[in-house]
Each structure stands twice: as C-alpha cells, then as structure tokens.
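Student: First the structure, which I've put down as structure tokens, then a few questions once you've had a look.
There are 2 protein chains.
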Amino acid sequence: MHSFTEENYLKAIYKLIEQEGDVVSTNAIAEKMSTKAASVTDMLKKLSDKKLINYQKYQGVTLTPKGEKVALNIIRKHRLWEMFLVEKLDFKWDEVHDVAEQLEHINSDKLIEEIDKFLNYPKVDPHGDPIPDAKGKLNIPKSHLLSKFKKNDVCIMTGVVDHSTAFLQYLDRSGIALGSEIKIKEIIEFDRSLQITINKGASIFISNDVAKNILVIIK
Amino acid sequence: MHSFTEENYLKAIYKLIEQEGDVVSTNAIAEKMSTKAASVTDMLKKLSDKKLINYQKYQGVTLTPKGEKVALNIIRKHRLWEMFLVEKLDFKWDEVHDVAEQLEHINSDKLIEEIDKFLNYPKVDPHGDPIPDAKGKLNIPKSHLLSKFKKNDVCIMTGVVDHSTAFLQYLDRSGIALGSEIKIKEIIEFDRSLQITINKGASIFISNDVAKNILVIIK
DNA sequence: ATAATAATTTAGATTAGTCTAAAAATTATT
DNA sequence: AATAATTTTTAGACTAATCTAAATTATTAT
Numbered sequence: 022m023h024s025f026t027e028e029n030y031l032k033a034i035y036k037l038i039e040q041e042g043d044v045v046s047t048n049a050i051a052e053k054m055s056t057k058a059a060s061v062t063d064m065l066k067k068l069s070d071k072k073l074i075n076y077q078k079y080q081g082v083t084l085t086p087k088g089e090k091v092a093l094n095i096i097r098k099h100r101l102w103e104m105f106l107v108e109k110l111d112f113k114w115d116e117v118h119d120v121a122e123q124l125e126h127i128n129s130d131k132l133i134e135e136i137d138k139f140l141n142y143p144k145v146d147p148h149g150d151p152i153p154d155a156k157g158k159l160n161i162p163k164s165h166l167l168s169k170f171k172k173n174d175v176c177i178m179t180g181v182v183d184h185s186t187a188f189l190q191y192l193d194r195s196g197i198a199l200g201s202e203i204k205i206k207e208i209i210e211f212d213r214s215l216q217i218t219i220n221k222g223a224s225i226f227i228s229n230d231v232a233k234n235i236l237v238i239i240k
Numbered sequence: 022m023h024s025f026t027e028e029n030y031l032k033a034i035y036k037l038i039e040q041e042g043d044v045v046s047t048n049a050i051a052e053k054m055s056t057k058a059a060s061v062t063d064m065l066k067k068l069s070d071k072k073l074i075n076y077q078k079y080q081g082v083t084l085t086p087k088g089e090k091v092a093l094n095i096i097r098k099h100r101l102w103e104m105f106l107v108e109k110l111d112f113k114w115d116e117v118h119d120v121a122e123q124l125e126h127i128n129s130d131k132l133i134e135e136i137d138k139f140l141n142y143p144k145v146d147p148h149g150d151p152i153p154d155a156k157g158k159l160n161i162p163k164s165h166l167l168s169k170f171k172k173n174d175v176c177i178m179t180g181v182v183d184h185s186t187a188f189l190q191y192l193d194r195s196g197i198a199l200g201s202e203i204k205i206k207e208i209i210e211f212d213r214s215l216q217i218t219i220n221k222g223a224s225i226f227i228s229n230d231v232a233k234n235i236l237v238i239i240k
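In order, the protein sequence lines correspond to chains A and B. Just so we're on the same page, my numbering is the position in the first sequence counted from 1, plus 21. Just so we're on the same page, my numbering is the position in the second sequence counted from 1, plus 21.
Okay, structure coming up:
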C-alpha cells in the first residue's frame, strides 16, 4: 500500500491537473501541500520510481494511469465520507473537510463499499463534485474551468474551485447556480474578463478570477 | 496530539495492566506490539518525557492518569467503531478488528460523539467489553481475571481474553456464559486449577489456562 | 554468595519525510 | 544572444520510529 503522504501528493497532483492544465509544476505542488519545493522533488522521485507519475527533471509531472487510479480512489473515499458525515451524522458542510481528510486514508475495500451502499450509491456530493466509482472511473463528464472556454461556447455550471462563503454568496447574487446554463458572449482581451448570459437571460460581466473558480461541462 | 504509534503503545500498556497485573514489562509490550525490546525502551523514554507513563529503568511501567485517559479514549473509539461496523454496516464480528484499529486513530471529538449518538449510546460492545465514556471513564466495574480470585469468592462473568471460536465453544459446553455467577470452591495448589460452580449448579474443574482467559467482576 | 541466565538498555545504523542553503537548469528580459 | 530572474534540483542535516549487536542490570539456580 501507499503511505498517507504519497496518497496526499497524488491527490494534490490530480486536482492541480484537473484545474490548471495538463502538466503540474513542482512549485504548484509545494504550495498546495504547504511544503517546500525541495521536499516535493524528493517525493516526485519516489512516486516516479513507483510508476505512479511521469516525471522528468525540470519538466513537471503528470499522473500515470496507475497513479490516477490511486488519486481517484482517495477522492472517492473523501467524497463518500463527506456525504456520510452530512447525511447520517449531524455535520454541517463546513465541518466535514478536516475529518474527511483523515478518513479518506482508511484502508478497507469492504468499508467503503458498505458506506457507498449505506448512502444508496450517490453520484455527486453536495458541492456538485462527482464521486468516482469503485473502479476509479468518473461517471459524469469531467468539469473544466469556465476561463478555458471560448466565445460562443455554451456550458453547464457543475461546481466551484473556491468553496469560500464569500465566493458562494457572490455567485448567488449573480444568479449563477449548479446547473445554470452559461453562454460566453464575449471575451475581453486585455483582462480576460467575460461577458456571459445565465440561462439565456440578460448578460453580465465576470472577471477572469471569477471564471477561474467556476467549473463547467460543455453543453 | 499524539502519534498513532504513541497511541498504540498506550493502548497496549493499558490492556496489559488490565490483564496481567499492576506493572508491565518491556518484553511484554514488545510481544504485544510485535516489535523489539530495544524499540520499546526508546518509546518508553518518550512517553515518560511526555508524562504519559511512570517509568524507571528496569522497573517496568504504569500509566499516569493522563496516559490512562488517552488509552481509554482510544479504546472508546475502537469499540464504538466496532459497534458501528456491525450494527450499521454489514460487518461480521470477525471482520471488524483491522478496520477498527485504523479508525480508532481518527481525531475528531465531534465525529466520535455523533457516532455514539447514532448508536444510541451503547454501554458495552458485543464481546461484553465496556465502552468508556467521553471523559474516559468506565461506567462498568473493571473486570479482572478469574485466575486472580481466591477460595469462596463469588463473581460474575463479564468477558473473555481469548476470543477464539475454540475457546468460546468450550465455554458454551461448560455452561459458562456472560452474566454467569461463578463461585470458587477450591484452588488446586500444584497446577492452580479451579473447582467452581456455575449459577449454583454442580461443580466443575477448569484449568488455570482457562481461568486466565475469563474476565469477571466481584459480586 | 556467586555464577549462569534472562531481561533491559545503550550505541550506532536505517528509512520516510522534511528542511535550509547552495547549485544547476529553465525562462524571461533586454 | 547574453544576462537576469525564477524555478527546480542537489547536498547535507534533522526527527520519529525502527532495527541489530553489545553492554548492563536483574533474577534464578546452584
């Protein structure tokens, strides 16, 4: 099996690839893990030796299929535990994260299958994040950053990167919710801000910073 | 907080004191932890520095009140998780141990309180082992080995040390069950075997080996 | 009471994960 | 294209937990 630390690195790399792009830098990982670049380099060598990542010095990393499977399994466990805490115990959404970070490393196939059954096989968690299945496959189209789309693309809002109350309240006020249809009317060159319509309504402007925190799928 | 390893040592020491006597030897701990005596000595120094155990070179160890509290909290979590796995998920009793060994180290007061509530505040687990409360107190008299009692003592069977099917079946055939009243009629000097009556019935003989695996409370 | 045996501790090494400081490679700037 | 700035890697050290082998202390047997 893999150590807690290895699992956390793989999860961090997976999430960075999901959000930032195809290759992940040492510094990006260091920031996400709240550690130093030198420590990351050490770990990258180790994960590379174990064939969990593709790593060439100075060239950044990607996950191998094996590494991605491990990462998705951790994410599966994390999201199922979060669901369990909220649905079955009296946890609020802002209370679950730290505990789920611990529970995601518990090693027992039977346990996680039983939790899945107990929850009646949920497909997404309440953030709109999909729960990978037991084979480590996402049964829901993978979301991308709204900031990556181009003029006239139409997409559906599926989740957020920044889960802060401030940001969620801003989305609320702007009328952007899970499932909203977002059409990109215009991309302003100089600051990459977007003019969009929500559910075919009046158009509004959002900054590139905001667009980088909204996850969508192509319609 | 304490490391997983420290918690496991404290739990082992607690259980050895419960079963063996008042002071625990380095070798006994090494055996219980499946490690070497030298490693145990290192850890004993560390636990002693942290005031979790009373330790004098070559003299064995006892737990301080602080150490006992930690140990009881781990045991509380272990037993509550076992109950949860059996009662709420579809685990059999022989499947729970390994998973509970992992879950007992999850650090969240709220989580364990909610699990306790979810299970409706059980007092004992199905082995007859008591579940310590949130303050680390046992609300049930602490059990002792039947082998430690003397002639004419009367006690109540509360649990076993050896949980093997073979042993449980032997107890069954002998008519010894949880709650049985056991009276010591005679202790045979040369092999420490006992002549006892069960629920005031006909007397039977049990070996010292058997008596060392039966937990009782004084009536 | 002394020698033999057993238990325990010390000394020194090892591994995983981390760190700081310095070196090397890459990328950006002029 | 050369230099400056940034990123990444290496080198060497540290901590927690472990180990083996040797030394020390305690216990048992004669």
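Glycine is no exception: its CB is placed at the ideal position from the N, C-alpha and C atoms.
The alpha helix (DSSP H) with residue 52 (chain B) in it runs from where to where?
Tutor: It spans 47 to 53 - the alpha helix (DSSP H) in which residue 52 (chain B) sits, taken as one unbroken run.
Student: Would you give the residue range spanned by the alpha helix (DSSP H) that residue 224 (chain B) belongs to?
Tutor: Counting along the chain, residue 224 (chain B) falls outside any alpha helix (DSSP H), though it belongs to the beta strand (DSSP E) covering 224 to 227.
Student: If I measure Cβ to Cβ from residue 125 (chain A) and keep anything under 6 Å in the same chain, skipping five residues before and after, which residues do I get?
Tutor: Closer than 6 Å at Cβ, skipping near neighbours: 95, 98 and 99.
Student: Looking at the secondary structure, which residues open and close the alpha helix (DSSP H) in which residue 35 (chain A) lies?
Tutor: Here the alpha helix (DSSP H) through residue 35 (chain A) covers 25 to 41.
Student: Do you know offhand how far residue 151 (chain B)'s Cα is from residue 156 (chain A)'s?
Tutor: Those two C-alpha atoms are separated by around 39 Å.
Student: Go ahead and pull the three-state DSSP assignment for residue 190 (chain A).
Tutor: The answer is helix: DSSP assigns residue 190 (chain A) an H, G or I state.
Student: Tell me, which residues are paired with residue 234 (chain B) by DSSP?
Tutor: The partner list for residue 234 (chain B) (beta bridge, DSSP) is empty, contrary to what the question assumes.
Student: Would you check if there are 3 or more beta carbon pairs closer than 8 Å linking the stretch 130 to 142 of chain A to the stretch 194 to 210 of chain A?
Tutor: Because the criterion of three Cβ pairs below 8 Å is not met, the stretch 130 to 142 of chain A and the stretch 194 to 210 of chain A do not touch.
Student: Quick check: is the beta carbon of residue 129 (chain A) nearer than 8 Å to any beta carbon in chain B?
Tutor: Yes, its Cβ sits closer than 8 Å to a Cβ of chain B.
Student: Since residue 225 (chain A) and residue 204 (chain A) should fall inside the 8 Å C-beta cutoff, what is the C-beta to C-beta distance between them, to a whole number of angstroms?
Tutor: With a Cβ gap of about 11 Å, residue 225 (chain A) and residue 204 (chain A) do not count as contacting.
Student: Since residue 132 (chain B) contacts residue 117 (chain B) with CB under 8 Å, what's their CB separation in whole angstroms?
Tutor: So it is not a contact: roughly 18 Å between Cβ atoms.
Student: Measure the alpha-carbon distance for residue 162 (chain A) versus residue 178 (chain A) and round it to whole angstroms.
Tutor: In a straight line, the C-alpha of residue 162 (chain A) is about 12 Å away from that of residue 178 (chain A).
Student: Grouping DSSP H, G and I as helix and E and B as strand, with all else coil, what is residue 81 (chain B)?
Tutor: The answer is coil: DSSP assigns residue 81 (chain B) none of H, G, I, E or B.
Student: Output yes if chain A places a C-beta closer than 8 Å to the C-beta of residue 139 (chain B); else output no.
Tutor: So, interface residue.
Student: Once you ignore the five residues that flank residue 275 (chain B) on each side, which residues in its own chain have a CB closer than 7 Å to its CB?
Tutor: Because chain B in this structure spans residues 22 to 240, residue 275 (chain B) falls outside the shown range and cannot be described.
Student: Looking at the secondary structure, which residues open and close the beta strand (DSSP E) in which residue 134 (chain B) lies?
Tutor: It is not in any beta strand (DSSP E) - residue 134 (chain B) instead sits in the alpha helix (DSSP H) that spans 130 to 139.
Student: Evaluate residue 114 (chain A) with the Cβ neighbour count: other Cβ atoms within 10 Å of its Cβ, from every protein chain shown; 16 or more gives buried, anything less gives exposed.
Tutor: With fewer than 16 Cβ atoms within 10 Å of its Cβ, residue 114 (chain A) is classed as exposed.
Student: Between the alpha carbons of residue 121 (chain A) and residue 102 (chain A), how many angstroms are there, rounded?
Tutor: Cα to Cα, residue 121 (chain A) sits roughly 6 Å from residue 102 (chain A).
Student: Counting only the same chain and skipping the five closest in sequence on each side, list residues whose C-beta sits under 6 Å from that of residue 239 (chain A).
Tutor: Hits under 6 Å: 176.
Student: For residue 28 (chain A), count the other beta carbons within 10 Å of its own beta carbon; 16 or more makes it buried, fewer makes it exposed. Which is it?
Tutor: Result: buried.
Student: Would you mind stating whether residue 40 (chain A) and residue 182 (chain A) have Cβ atoms separated by less than 8 Å?
Tutor: Result yes, Cβ atoms of residue 40 (chain A) and residue 182 (chain A) sit closer than 8 Å.
Student: Given a limit of 9 Å on CB to CB distance, which residues of the stretch 88 to 111 of chain A reach chain B?
Tutor: So the close ones are 106, 109, 110 and 111.
Student: Does any C-beta atom of chain A lie closer than 8 Å to the C-beta of residue 27 (chain B)?
Tutor: False, the Cβ-Cβ gap to chain A never drops below 8 Å.
Student: Nearest CA to the CA of residue 145 (chain A): which residue from A:192, A:172, A:200 and A:185?
Tutor: Cα-wise, what sits closest to residue 145 (chain A) is A:200.
Student: Using the Cα positions of residue 55 (chain A) and residue 32 (chain A), report the straight-line distance between them to the nearest angstrom.
Tutor: Approximately 14 Å between the Cα atoms of the pair.
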